[in-house]
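Per our numbering, the sequence shown starts with residue 118, numbered consecutively. Down below is the structure, laid out as structure tokens.
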Amino acid sequence: MALETVILAVIIGTLAAIVYSLRILVLLERRIARIDKHIEMMAEKIVVEEKQIMREEATIEKMIKKRK
118 MALETVILAV
128 IIGTLAAIVY
138 SLRILVLLER
148 RIARIDKHIE
158 MMAEKIVVEE
168 KQIMREEATI
178 EKMIKKRK
């Protein structure tokens, strides 16, 4: 009877460890997805700012050409 109890406890402990590990993996995956989304948002902002800079450079170049 004692051996069966020990075996059952080991099996239940192993299953609990697997469930806990899966929970941690899911939490990490969510965190990584959130970080990835923030990186994408930053990249989009950079693209918008670069387009604005290119437009400003074009207007400055036009102004310089008009002066000459």
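All C-beta atoms, glycine included, are put in the ideal place defined by N, C-alpha and C.
Per-residue DSSP class, three states only, for residue i
i      : result
Met159 : helix
Met118 : coil
Euclidean distance between Cα positions of residue i and residue j
i      : j      : result
Thr131 : Met118 : 20 Å
Val127 : Glu157 : 45 Å
Val164 : Glu173 : 14 Å
Val144 : Ile152 : Checking the sequence, you will find Leu at residue 144 rather than Val. If I take the Cα positions, the gap works out to 12 Å.
Lys168 : Arg147 : 32 Å
Cβ-based neighbour list, residue i, same chain, cut-off 6 Å, excluding 5 preceding and 5 following
i      : result
Glu166 : none
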